[in-house]
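Peer 1: Here it is, the structure, as structure tokens.
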Amino acid sequence: MIKNVIVIGAGPTGLFASSLLLKEGFSVDLYDQKTEAGRKLLLAGKSGLNLTNNLALDSFITAYGCRQKQMKPSLTHFSQTDLRLWLNNLGVKTFVGSSGAVFPISKGAKELLSLWMKSLNSNEYFKFHPGHRLVQLEKDYIYFKTDNNVLKLKAPLLVMGLGGASYPTTGSDGTWHKILKDMDITIKPFKPMNCGFECSWSSFFKQKVNRLPLKNIKLTFQDQSIRGEFMITPYGIEGGPVYRLSREFRTEIEKNNKAIVFIDLSPDLTKGEILHRINRSPGKNSLSNHLRKQVNLSTIKISLLRELTEKSTFKDFTLLAQTIKQLPLILKSPRPIEEAISSSGGVSFNELDDYFMLKKNPGWFTAGEMVDWDAPTGGYLLQGCFSTAFRVVEGIQKL
Ligand SMILES: Cc1cc2nc3c(=O)[nH]c(=O)nc-3n(C[C@H](O)[C@H](O)[C@H](O)COP(=O)(O)OP(=O)(O)OC[C@H]3O[C@@H](n4cnc5c(N)ncnc54)[C@H](O)[C@@H]3O)c2cc1C
Numbered sequence: 454m455i456k457n458v459i460v461i462g463a464g465p466t467g468l469f470a471s472s473l474l475l476k477e478g479f480s481v482d483l484y485d486q487k488t489e490a491g492r493k494l495l496l497a498g499k500s501g502l503n504l505t506n507n508l509a510l511d512s513f514i515t516a517y518g519c520r521q522k523q524m525k526p527s528l529t530h531f532s533q534t535d536l537r538l539w540l541n542n543l544g545v546k547t548f549v550g551s552s553g554a555v556f557p558i559s560k561g562a563k564e565l566l567s568l569w570m571k572s573l574n575s576n577e578y579f580k581f582h583p584g585h586r587l588v589q590l591e592k593d594y595i596y597f598k599t600d601n602n603v604l605k606l607k608a609p610l611l612v613m614g615l616g617g618a619s620y621p622t623t624g625s626d627g628t629w630h631k632i633l634k635d636m637d638i639t640i641k642p643f644k645p646m647n648c649g650f651e652c653s654w655s656s657f658f659k660q661k662v663n664r665l666p667l668k669n670i671k672l673t674f675q676d677q678s679i680r681g682e683f684m685i686t687p688y689g690i691e692g693g694p695v696y697r698l699s700r701e702f703r704t705e706i707e708k709n710n711k712a713i714v715f716i717d718l719s720p721d722l723t724k725g726e727i728l729h730r731i732n733r734s735p736g737k738n739s740l741s742n743h744l745r746k747q748v749n750l751s752t753i754k755i756s757l758l759r760e761l762t763e764k765s766t767f768k769d770f771t772l773l774a775q776t777i778k779q780l781p782l783i784l785k786s787p788r789p790i791e792e793a794i795s796s797s798g799g800v801s802f803n804e805l806d807d808y809f810m811l812k813k814n815p816g817w818f819t820a821g822e823m824v825d826w827d828a829p830t831g832g833y834l835l836q837g838c839f840s841t842a843f844r845v846v847e848g849i850q851k852l
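The opening residue of the sequence shown carries number 454 in this note's numbering; numbering runs sequentially from there.
This is how it looks when you write it as structure tokens:
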């Protein structure tokens with residue numbers, strides 16, 4: 454007789470677990486509280502879907518910080534190459550962009566999802582049950598609430614891919630933490646990850662900037678430096694390099710109520726070269742125009758420089774050149790978790806065996822963003838979801 458697995462959560466984790474289980478000969482009932490699958494995946498697709506990264510595993514895995522050891526078996530057994538092959542078989546060809554980032558060639562998240570659902574729905578042993586909200590777990594039993602009913606099901610085999618706690622409108626509202634806590638499962642508190650940070654701008658500056666890009670900068674925090682661009686917003690800063698360092702910023706703010714980052718506004722010039730250029734005669738140019746022409750500083754860079762330094766800095770050119778290379782900016786707090794791209798926290802690894810099975814309830818598994826690992830954006834999140842789902846299915850087969 455065909456064994457049935459109940460999967461809850463129709464994000465990448467639950468969908469991938471479903472695909473693998475069907476391939477291995479299980480029947481799958483997939484439940485989600487939303488009326489359609491993959492809401493967060495669709496949102497991710499709006500800003501360029503970075504599916505994974507083709508860095509060598511040794512480098513790739515460092516993105517998972519203190520959870521590298523726990524993530525290694527999953528990432529080894531279902532690697533970035535495996536993901537690209539699987540996507541290719543689904544009909545989604547990928548390409549490797551700058552710094553190894555992998556994107557779909559022509560198909561966006563919508564097409565990917567549609568191909569994926571088509572493939573699942575073509576299997577007679579698959580059924581999707583939208584509009585079913587998990588409301589309670591009890592040893593071996595699960596309870597769903599629908600618009601007009603409460604459903605109690607026996608679930609000897611269960612996979613939960615309930616996601617994190619950011620962008621709750623997508624269905625990933627993190628309210629499941631209470632349901633699992635009631636089962637005596639330790640859940641590490643959710644925290645925003647890959648998020649913007651608040652700064653104390655003056656009201657003048659706040660009015661002046663309305664989401665302006667700070668291009669070609671180097672952002673340094675402690676021993677890490679990242680080149681690129683980020684956005685200055687009325688509340689503070691956001692964008693690639695900020696997200697990349699968000700775990701470290703947040704940890705520092707938790708310890709010291711603030712994090713001081715340094716911005717190199719002119720990473721292509723040395724301090725000496727900048728000083729040499731500033732010392733050239735400005736002619737009839739104002740100092741701002743002189744800086745723009747000689748050091749190639751954009752209007753927003755000059756405004757930021759003026760916002761964050763004393764007026765006297767502009768009279769001492771040696772100090773000015775130094776400040777252009779190392780402009781200190783204080784980050785006060787992360788933006789709310791609802792706005793974050795992802796969240797840290799979730800089901801503690803202490804509760805899980807090597808296959809992400811709940812030690813307190815054998816046969817029940819968790820995977821994806823709901824588990825207590827995190828990573829920067831850049832494909833590390835999705836790869837982590839796919840790989841942990843793969844590991845879970847390995848675990849189910851071993852039972
Ligand atoms: C704007 C944005 C851009 C992103 N860009 C990228 C990117 O480029 N690359 C990358 O790697 N990652 C990116 N991510 C992150 C990535 O989308 C997530 O890490 C990934 O979707 C997590 O997958 P998951 O299946 O674990 O959870 P989710 O995708 O969050 O899915 C969880 C599912 O569980 C369901 N659910 C939750 N609670 C219940 C309940 N009680 N009952 C029933 N169903 C429930 C939800 O409705 C949801 O469908 C981005 C995220 C955002 C918001």
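In this text, a Cβ means the ideal position worked out from N, Cα and C, and glycines have one as well.
Treat the numbers as computed from the prediction; the structure is a model and nothing was measured.
Which residues bound the alpha helix (DSSP H) around Gln775?
Peer 2: Mapped onto the sequence shown, residue 775 falls at position 322. First-last of the alpha helix (DSSP H) with Gln775: Phe770 to Lys778.
Peer 1: With H, G and I counted as helix, E and B as strand and the rest as coil, what does DSSP make of Glu477?
Peer 2: The residue given as residue 477 occupies position 24 in the sequence shown. The answer is coil: DSSP assigns Glu477 none of H, G, I, E or B.
Peer 1: Count the other CB atoms, across all protein chains shown, that sit within 10 Å of the CB of Arg703; report buried if there are 16 or more and exposed otherwise.
Peer 2: Locating residue 703 in the sequence shown gives position 250, counting from the first residue. When all chains shown are included, Arg703 counts as buried.
Peer 1: Is Ala855 near ligand 1, in the sense that its beta carbon is under 8 Å from a heavy atom of that ligand?
Peer 2: Because the chain here runs from 454 to 852, residue 855 falls outside it and cannot be looked at.
Peer 1: What is the rounded straight-line gap between the Cα of His743 and the Cα of Lys768?
Peer 2: One-based indexing of the sequence shown puts residue 743 at position 290. One-based indexing of the sequence shown puts residue 768 at position 315. Their backbone Cα atoms lie some 13 Å apart in a straight line.
Peer 1: Among the residues of its own chain, which have a CB less than 7 Å from the CB of Lys634, if the five just before and after it don't count?
Peer 2: As a working note, residue 634 is residue 181 in the sequence shown. Same-chain partners within the cutoff: Ile640.
Peer 1: Helix, strand or coil: which one does DSSP assign to Tyr833?
Peer 2: The residue you call residue 833 lines up with position 380 of the sequence shown. Tyr833: helix per DSSP, three-state reduction.
Peer 1: Since I believe Thr841 is in contact with Phe809 (beta carbons under 8 Å), could you give me their beta-carbon distance rounded to a whole number of angstroms?
Peer 2: Here residue 809 refers to the residue found at position 356 when the sequence shown is read from its first residue. Here residue 841 refers to the residue found at position 388 when the sequence shown is read from its first residue. Sure, about 6 Å apart at Cβ, within 8 Å.
Peer 1: With a threshold of 16 other CB atoms inside 10 Å of the CB of Thr776, please say whether the residue is buried or exposed.
Peer 2: Here residue 776 corresponds to residue number 323 of the sequence shown, with the count starting at 1. Buried.
Peer 1: What would DSSP say about Glu651, mapped onto helix, strand or coil?
Peer 2: In the sequence shown, the residue the question calls residue 651 occupies position 198. Three-state DSSP puts Glu651 in a strand.
Peer 1: What beta strand (DSSP E) runs, 3 residues minimum, are completely inside the segment 484–561?
Peer 2: 547–549 and 554–557
Peer 1: Identify whether Gln675 lies in helix, strand or coil by the three-state DSSP scheme.
Peer 2: As a position in the sequence shown, residue 675 is number 222, starting the count at 1. Of the three classes helix, strand and coil, the one that applies to Gln675 here is coil, per DSSP.
Peer 1: Less than 9 Å separating the beta-carbons of Pro557 and Lys546?
Peer 2: For the purposes of this step, residue 557 is taken as residue 104 along the sequence shown, with counting starting at 1. For the purposes of this step, residue 546 is taken as residue 93 along the sequence shown, with counting starting at 1. Against a cut-off of 9 Å, the Cβ pair of Lys546 and Pro557 comes out as a contact.
Peer 1: Beta-carbon of Val846 versus every beta-carbon of chain C: anything under 9 Å?
Peer 2: The question asks about chain C, but that chain is absent: this structure has only one protein chain.
Peer 1: How many whole angstroms separate the CB atoms of Gly498 and Ala463, which I take to be in contact at a CB cut-off of 8 Å?
Peer 2: Taking the first residue of the sequence shown as 1, we reach residue 498 at position 45. Taking the first residue of the sequence shown as 1, we reach residue 463 at position 10. Wrong, their Cβ atoms sit about 15 Å apart, outside the cutoff.
Peer 1: Can you tell me where the beta strand (DSSP E) with Lys642 in it begins and where it stops?
Peer 2: The count along the sequence shown starts at 1 and reaches residue 642 at position 189. As written in the sequence, residue 642 is Pro, which differs from the Lys given in the question. Per DSSP, Pro642 belongs to the beta strand (DSSP E) from Ile640 to Met646.
Peer 1: Between which two residues does the alpha helix (DSSP H) holding Ser699 run?
Peer 2: Indexing the sequence shown from 1 puts residue 699 at position 246. Taken as a continuous stretch (DSSP letters only), the alpha helix (DSSP H) holding Ser699 covers Ser699 to Asn709.
Peer 1: Alpha carbons only, please: which of Phe581, Val612 and Gly617 is nearest the one belonging to Leu834?
Peer 2: Residue numbering aside, residue 834 sits at position 381 when the sequence shown is read from its first letter. Among Phe581, Val612 and Gly617, the Cα nearest to that of Leu834 is on Gly617.
Peer 1: If the criterion is Cβ atoms closer than 9 Å, does the pair Met823 and Trp629 meet it?
Peer 2: On the sequence shown, residue 823 is found 370 positions in, with the first residue counted as 1. On the sequence shown, residue 629 is found 176 positions in, with the first residue counted as 1. In this structure, Trp629 lies closer than 9 Å to Met823 by Cβ.
Peer 1: Check the DSSP bridge columns for His582 and list the partner residues they point to.
Peer 2: As a first step, residue 582 is located in the sequence shown; it is residue number 129 there, counting from the start. According to DSSP, which records beta bridges pairwise, His582 is partnered with Tyr484.
Peer 1: Measuring only the C-alpha atoms, how far is Arg787 from Phe579?
Peer 2: As a first step, residue 787 is located in the sequence shown; it is residue number 334 there, counting from the start. As a first step, residue 579 is located in the sequence shown; it is residue number 126 there, counting from the start. It should be pointed out that residue 787 corresponds to Pro in this sequence rather than to Arg. Straight-line spacing of the CA atoms in Pro787 and Phe579 works out to 41 Å.
Peer 1: One question on the structure: do Lys631 and Ser797 come within less than 9 Å of each other, judged by their Cβ atoms?
Peer 2: In the sequence shown, residue 631 corresponds to position 178, counting from 1. In the sequence shown, residue 797 corresponds to position 344, counting from 1. In this structure, Ser797 does not lie closer than 9 Å to Lys631 by Cβ.
Peer 1: Quick check on the burial criterion: 16 or more other C-beta atoms within 10 angstroms. Buried or exposed for Asn647?
Peer 2: Numbered from 1 along the sequence shown, position 194 holds the residue referred to as residue 647. Flag for Asn647 reads buried.
Peer 1: Find the nearest neighbour of Asn663 within the set Asp593, Glu763, Ile753 and Leu483, judged by alpha-carbon distance.
Peer 2: Numbered from its first residue, the sequence shown carries residue 663 at position 210. The candidate whose alpha carbon is nearest that of Asn663 is Ile753.
Peer 1: What did DSSP end up calling Phe818 once you bin it into helix, strand or coil?
Peer 2: Residue mapping note: residue 818 aligns to position 365 of the sequence shown, counting from 1. Three-state DSSP puts Phe818 in a strand.
Peer 1: Secondary structure at Ile455, three-state DSSP: helix, strand or coil?
Peer 2: For the purposes of this step, residue 455 is identified with residue 2 of the sequence shown, where counting begins at 1. In the structure shown, Ile455 sits in coil (DSSP, three-state: anything other than H, G, I, E or B).
Peer 1: Helix, strand or coil for Gly799 per DSSP?
Peer 2: Mapped onto the sequence shown, residue 799 falls at position 346. Of the three classes helix, strand and coil, the one that applies to Gly799 here is strand, per DSSP.
Peer 1: Which stretch, first to last residue, makes up the beta strand (DSSP E) that contains Gly736?
Peer 2: As a first step, residue 736 is located in the sequence shown; it is residue number 283 there, counting from the start. Neither: Gly736 is in no beta strand (DSSP E) and is coded neither H nor E.
Peer 1: Please determine if the segment 503–516 and the segment 596–609 are in contact, where contact requires at least 3 C-beta pairs separated by less than 8 Å.
Peer 2: They do not touch, by the three-pair rule.
Peer 1: What do you get for Gly689, buried or exposed, if any count of 16 or more other CB atoms within 10 angstroms of its CB means buried?
Peer 2: Looking up residue 689 in the sequence shown gives position 236. Flag for Gly689 reads buried.
Peer 1: Which word fits Thr830, buried or exposed, when buried means at least 16 other C-beta atoms lie within 10 angstroms of its C-beta?
Peer 2: Position 377 of the sequence shown, counting from 1, holds the residue named residue 830. Classification of Thr830: buried, given that the 10 Å Cβ count is 16 or more.
Peer 1: CB Lys764 to CB Ile727, shorter than 9 Å?
Peer 2: Counting from 1 along the sequence shown, the entry for residue 764 is found at position 311. Counting from 1 along the sequence shown, the entry for residue 727 is found at position 274. Cβ distance not < 9 Å, so Lys764 and Ile727 don't count as in contact.
Peer 1: Look at Lys560 and Leu573 and say whether their C-beta atoms are less than 9 Å apart.
Peer 2: In the sequence shown, counting from the first residue as 1, residue 560 sits at position 107. In the sequence shown, counting from the first residue as 1, residue 573 sits at position 120. No, they are not a contact pair.
Peer 1: For Pro720, which option in Asp535, Leu510 and Ile670 has the closest C-alpha, if you only look at C-alpha atoms?
Peer 2: Counting from one through the sequence shown, the residue named residue 720 turns up at place 267. That would be Ile670, whose Cα lies nearest to the Cα of Pro720.
Peer 1: Can you name the residues that DSSP bridges to Met810?
Peer 2: Here the question's residue 810 lines up with position 357 in the sequence shown. DSSP output for Met810 lists Phe818 as bridge partner(s).
Peer 1: Considering only DSSP beta bridges, list what Ser786 is partnered with.
Peer 2: Taking the sequence shown and counting its residues from 1, the one referred to as residue 786 is at position 333. In the DSSP output, where bridge partners are listed per residue, Ser786 has Glu651.
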